[in-house]
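Peer 1:
There are 2 protein chains.
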Amino acid sequence: MVTIYDIAAELGLSTSTVSRSLNNSNDVNKKTQKRVLDASCKMGYTSNLLASGLRNRRSNTIGVIIPRLNSAFMSGAIAGIENIINQAGYNLVISQSLENVGREVSCTESMLSNRVAGLIVSLAGDIGSSDHFESFEKHGVPVVFFDRVYDNEKYLNIQIDNFKAAYTITDHLAKQGCREIIHITANRLHTVYQHRVNGYLRALENNGIAFNEKMLIKCDLSDAAGKTVAKQILSMGSRPDGIFSANDVCAIGCMTELKKSGISIPKDIAVAGFNDDPDCCLIEPNLTTIGYDAFGMGELSARVMLEQLSDSFAIPARYSVFMPYHVIIRESTKKEKIGLLQFNAI
Amino acid sequence: MVTIYDIAAELGLSTSTVSRSLNNSNDVNKKTQKRVLDASCKMGYTSNLLASGLRNRRSNTIGVIIPRLNSAFMSGAIAGIENIINQAGYNLVISQSLENVGREVSCTESMLSNRVAGLIVSLAGDIGSSDHFESFEKHGVPVVFFDRVYDNEKYLNIQIDNFKAAYTITDHLAKQGCREIIHITANRLHTVYQHRVNGYLRALENNGIAFNEKMLIKCDLSDAAGKTVAKQILSMGSRPDGIFSANDVCAIGCMTELKKSGISIPKDIAVAGFNDDPDCCLIEPNLTTIGYDAFGMGELSARVMLEQLSDSFAIPARYSVFMPYHVIIRESTKKEKIGLLQFNAI
DNA sequence: TTGTATGCGTTATCAC
DNA sequence: GTGATAACGCATACAA
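Chains as they are written, first to last, in the numbering used here: chain A, 1 to 346; chain B, 347 to 692.
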């Protein structure tokens with residue numbers, strides 16, 4: 001491969017001048033620079049980022065660790081991150097923790113070995129220690145968390161207010177006349193889900209709905225789990241009239257199965273999800289849900305990262321950013337009787 | 347950061363011995379190795395892959411370039427690739443070309459700069475020159491294409507037989523009694539789509555169905571495009587009784603819109619897609635489609651890559667692998683009259 | 001089995 | 001504005 005030595009030899013210059021030209025330094029004659037750039041082009045020069053990274057003691061790569069790459073939310077967030085990061089001249093390394101803390105740890109080790117300039121993370125499902133992020137902090141490598149974050153102010157967190165969102169959507173169900181609203185949540189209570197549970201509970205309380213443990217169903221929030229939950233619900237003594245699932249996938253699995261068994265939605269049971277997956281508008285009736293801007297969240301995470309990267313001497317910021325979210329009300333929670341009530345109320 | 351110098355100094359050894367120990371070389375005393383490993387652990391050593399890569403003249407990273415990260419197919423394929431690649435001790439860099447050849451080119455440049463050990467690619471939408479892959483070949487960096495490949499035997503291609511698959515599903519539509527089957531394809535005819543068109547045409551021919559240009563509709567295969575196509579179809583003089591879309595997303599968009607306008611599927615129009623997205627089982631009626639193993643295709647691509655990587659002195663292989671596919675017949679193409687015919691035939 | 005010495009390609013410091 | 005030189009951390013050819 002062509003190196004700066006080759007270019008230097010070709011033009012009778014030193015490698016320093018070539019390097020300066022290539023890096024668009026001010027300390028170089030513009031004409032010389034042009035000669036170098038032309039030659040590098042002609043000779044097919046490709047910069048060696050490994051050498052450059054070694055010399056600079058860090059690569060020009062930003063690492064991303066996410067639980068999984070298989071949701072509209074995640075691919076949207078990645079697209080947002082990539083958009084900002086690439087513009088800034090960085091590359092992206094993406095790794096999946098597969099919802100597994102062990103894998104997350106080895107991902108961080110690999111990122112460390114690759115001397116990433118920064119790390120953007122959405123945490124694996126379990127709540128675990130954050131030890132594996134400490135070496136980054138120790139070596140001045142900024143870490144930004146998004147969506148699934150640690151529940152403390154020690155880190156840079158980009159998220160939505162899950163408590164409020166869950167509160168609002170549960171409250172909506174109650175206002176639609178639901179009196180027995182169950183909540184489907186993750187079996188491993190990551191803070192994200194814990195906050196949603198809390199919001200749900202508060203909404204029940206404020207609407208004078210009594211809560212008992214049977215109303216909280218834990219599963220892995222998959223489509224299959226949703227179907228299983230539906231069967232559970234069908235066999236319940238007193239059947240709920242509202243379901244709030246902590247994600248859309250599970251809500252949709254559940255709905256599909258309920259429909260199969262002749263349950264009418266929202267008449268018999270109103271259903272709400274979380275995330276605003278595209279599938280919400282595919283299932284019939286369309287699914288009420290919480291929507292938030294995945295692409296924007298990715299972009300913001302990346303921007304915060306770049307900010308950290310630029311003033312490396314500044315005290316590392318420690319704060320949480322809450323992104324906006326909105327409740328998207330669709331047919332799956334529009335109970336007809338309520339429609340009438342609302343009509344009368346006008 | 348701790349380096350092998352630090353470990354060497356700590357133990358009174360040379361860096362070569364430390365390096366050998368860390369790399370599990372045979373030329374080192376097992377006891378010495380253990381001392382080194384213990385010390386490296388205690389001291390919190392993290393190998394510097396930039397230095398190692400510079401020395402070895404290539405990184406331990408495999409690059410992946412794909413059009414977009416937003417489909418079940420792609421995330422499945424990526425998961426498959428990652429599964430194999432990680433086991434082999436490599437890392438993955440993923441980049442999206444966003445269906446744009448220009449971006450694809452800059453992705454390859456960045457991969458080259460990062461001195462990736464190999465490159466796995468699914469091509470951007472357009473047919474373009476393959477010049478940007480030549481430098482890899484020139485420098486002995488293996489390139490494996492999957493799904494969207496160049497239409498020649500010059501490269502390593504992992505794909506399905508799109509001609510046959512399209513033939514089979516079109517033939518199925520014809521056998522269900524459809525006499526005017528339209529085909530929705532991409533407006534930029536990548537080979538993948540060209541082959542599907544060809545299979546479609548052959549099936550028409552073999553079923554004695556006349557073809558005219560109006561039966562071939564070109565669009566970007568998005569959900570929105572599907573809806574637009576539906577409106578086109580509704581305004582056609584002679585309405586088709588069968589639709590074969592080159593992907594599911596578009597088929598589903600189209601179906602949704604047709605249903606809204608009171609078209610009964612499959613009675614009025616039978617619809618078939620391609621890919622077996624999970625949404626095929628969400629839309630009603632469920633969508634007939636072509637299914638193939640995304641995860642397996644990813645794994646195979648990665649395996650072929652590793653094979654190339656291992657015998658670097660072998661002549662680079664040049665061949666195409668065709669993965670199995672299967673036609674998945676669901677309600678969207680089961681015309682009732684045919685059901686009766688089949689019943690009578692028993 | 002271990003150590004010495006060198007180079008991978010780049011950038012930064014210093015001198016001119 | 002340019003050049004000589006050293007150093008980044010590691011791996012290997014060669015010597016011992």
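Every residue, glycine too, gets a C-beta built ideally from N, C-alpha and C.
Short of 9 Å Cβ to Cβ, which residues in the stretch 619-635 of chain B face chain A?
Peer 2: Taking 9 Å as the Cβ-Cβ cut-off against chain A, the residues of the stretch 619-635 of chain B that qualify are P624, D625, C627, L628, I629 and E630.
Peer 1: So the alpha helix (DSSP H) S97 (chain A) belongs to, where does it begin and stop?
Peer 2: No alpha helix (DSSP H) holds S97 (chain A); DSSP gives it neither H nor E.
Peer 1: How long is the line joining the alpha carbons of E559 (chain B) and N553 (chain B), rounded to whole angstroms?
Peer 2: C-alpha separation (whole angstroms): 17 Å.
Peer 1: Using the C-alpha atoms, what's the distance from G390 (chain B) back to Q308 (chain A)?
Peer 2: Going by the C-alpha atoms only, they are around 25 Å apart.
Peer 1: If A246 (chain A) and G76 (chain A) are in contact, beta carbons under 8 Å, what's the gap, nearest whole angstrom?
Peer 2: With a Cβ gap of about 19 Å, A246 (chain A) and G76 (chain A) do not count as contacting.
Peer 1: For Q688 (chain B) and chain A, any beta-carbon pair shorter than 8 Å?
Peer 2: A caution first: Q688 (chain B) carries a pLDDT of 43, below 50, which makes its placement in the model unreliable, though a value can still be read off. Q688 (chain B) does not count as touching chain A.
Peer 1: Kindly list, in the order they appear in chain A, the residues whose Cβ is closer than 7 Å to that of G399 (chain B).
Peer 2: Here the neighbours are L50.
Peer 1: For R461 (chain B), tell me which candidate among A:H139, A:G53 and A:F146 has the shortest Cα-Cα distance.
Peer 2: Looking at the Cα atoms, A:G53 is the closest of the given residues.
Peer 1: If I follow the unbroken alpha helix (DSSP H) through V271 (chain A), where does it start and stop?
Peer 2: No alpha helix (DSSP H) holds V271 (chain A); the beta strand (DSSP E) holding it covers A270 to A272.
Peer 1: I want to know whether the stretch 227-243 of chain A touches the stretch 261-269 of chain A - three or more CB-CB distances under 8 Å.
Peer 2: In short, these stretches touch, since the Cβ pair count reaches three.
Peer 1: Considering only the alpha carbon of each residue, which of B:I515, B:D566 and B:G523 lies closest to G545 (chain B)?
Peer 2: Out of B:I515, B:D566 and B:G523, B:I515 has the C-alpha closest to the C-alpha of G545 (chain B).
Peer 1: Could you check whether V93 (chain A) and V64 (chain A) sit closer than 8 Å to each other, using their CB atoms as the reference points?
Peer 2: Contact: yes.
Peer 1: Distance, Cα to Cα, A511 (chain B) vs S386 (chain B)?
Peer 2: Straight-line Cα distance between these residues: approximately 55 Å.
Peer 1: For N621 (chain B), does the count of other Cβ atoms within 10 angstroms reach 16, so buried, or fall short, so exposed?
Peer 2: Buried is the call here.
Peer 1: Run through DSSP, which three-state label would Y391 (chain B) get?
Peer 2: The answer is coil: DSSP assigns Y391 (chain B) none of H, G, I, E or B.
Peer 1: Which same chain residues end up closer than 7 Å to S14 (chain A) when comparing Cβ atoms and leaving out the 5 residues on each side of it in sequence?
Peer 2: Cβ within range, chain order: A8.
Peer 1: If the cut is a Cβ gap below 8 Å, which residues of chain B does V101 (chain A) touch?
Peer 2: In chain order: nothing, as chain B lies at least about 16 Å away.
Peer 1: First and last residue of the alpha helix (DSSP H) that includes M111 (chain A)?
Peer 2: Segment V101 to S113, the alpha helix (DSSP H) holding M111 (chain A).
Peer 1: In chain order, which continuous runs of the beta strand (DSSP E) of length 3 or greater are located wholly inside the stretch 141-222 of chain A?
Peer 2: If we require 3 residues or more, the beta strand (DSSP E) runs fully inside the stretch 141-222 of chain A come out as 143-146, 156-160, 181-186 and 216-219.
Peer 1: Using the beta-carbon count (16 or more within 10 Å), is K42 (chain A) buried or exposed?
Peer 2: Classification for K42 (chain A): exposed.
Peer 1: What residues in its chain sit with their C-beta under 7 Å from that of N83 (chain A), if we drop five residues either side in the sequence?
Peer 2: Same-chain partners within the cutoff: E299.
Peer 1: If I follow the unbroken alpha helix (DSSP H) through V327 (chain A), where does it start and stop?
Peer 2: Counting along the chain, V327 (chain A) falls outside any alpha helix (DSSP H), though it belongs to the beta strand (DSSP E) covering Y325 to I328.
Peer 1: Can you give me the Cβ contacts of L11 (chain A) inside the same chain, cut-off strictly under 8 Å, excluding the 5 residues immediately before and after it?
Peer 2: Same-chain partners within the cutoff: V18, R35, V36 and A39.
Peer 1: Give the range of the alpha helix (DSSP H) segment to which V64 (chain A) is assigned.
Peer 2: Looking at the DSSP string, V64 (chain A) is not in any alpha helix (DSSP H); the run it does join, the beta strand (DSSP E), is T61 to I66.
Peer 1: Please list the terminal residues of the continuous alpha helix (DSSP H) segment that includes V595 (chain B).
Peer 2: Looking at the DSSP string, the run of the alpha helix (DSSP H) that includes V595 (chain B) is D594 to K606.
Peer 1: A203 (chain A) and D161 (chain A): beta carbons closer than 8 Å?
Peer 2: Not a contact, by the Cβ cut-off of 8 Å.
Peer 1: T392 (chain B) versus chain A: which residues are under 8 Å apart at the beta carbon?
Peer 2: Ordered by position in chain A, the residues that pass the 8 Å Cβ test against T392 (chain B) are E109, L112, S113 and S135.
Peer 1: Using three-state DSSP, classify N690 (chain B) as helix, strand or coil.
Peer 2: Low confidence applies to N690 (chain B): its pLDDT is 36, below 50, so where it sits in the model is not reliable, and the reading given next is rough at best. N690 (chain B): helix per DSSP, three-state reduction.
Peer 1: Given a cut-off of 8 Å on the beta-carbon distance, is the pair Q505 (chain B) and M651 (chain B) in contact?
Peer 2: No, these two residues do not count as a Cβ contact at 8 Å.
Peer 1: Whose C-alpha, out of B:L415, B:G637 and B:E445, is nearest the C-alpha of R534 (chain B)?
Peer 2: Closest by alpha carbon: B:E445.
Peer 1: May I ask you to list the residues that DSSP assigns as paired with L119 (chain A)?
Peer 2: DSSP, once it has assigned bridges, lists A:G63 and A:V143 as partnering L119 (chain A).
Peer 1: If you draw a straight line from the C-alpha of Q87 (chain A) to the C-alpha of M255 (chain A), how long is it?
Peer 2: When rounded, the distance between both Cα atoms is 42 Å.
Peer 1: Output the distance between the C-alpha atoms of V197 (chain A) and N632 (chain B), rounded to the nearest integer angstrom.
Peer 2: If I take the Cα positions, the gap works out to 34 Å.
Peer 1: Going by the CB atoms, is the gap between A418 (chain B) and D623 (chain B) shorter than 8 Å?
Peer 2: Yes. Within cutoff.
Peer 1: Compare the beta carbon distance of E104 (chain A) and A124 (chain A) with 8 Å and say whether it is the shorter of the two.
Peer 2: Yes.
Peer 1: Which one of B:I466, B:N503, B:F492 and B:H541 has the shortest CA to CA distance from Y513 (chain B)?
Peer 2: Ranking the options by Cα distance to Y513 (chain B), first place goes to B:H541.
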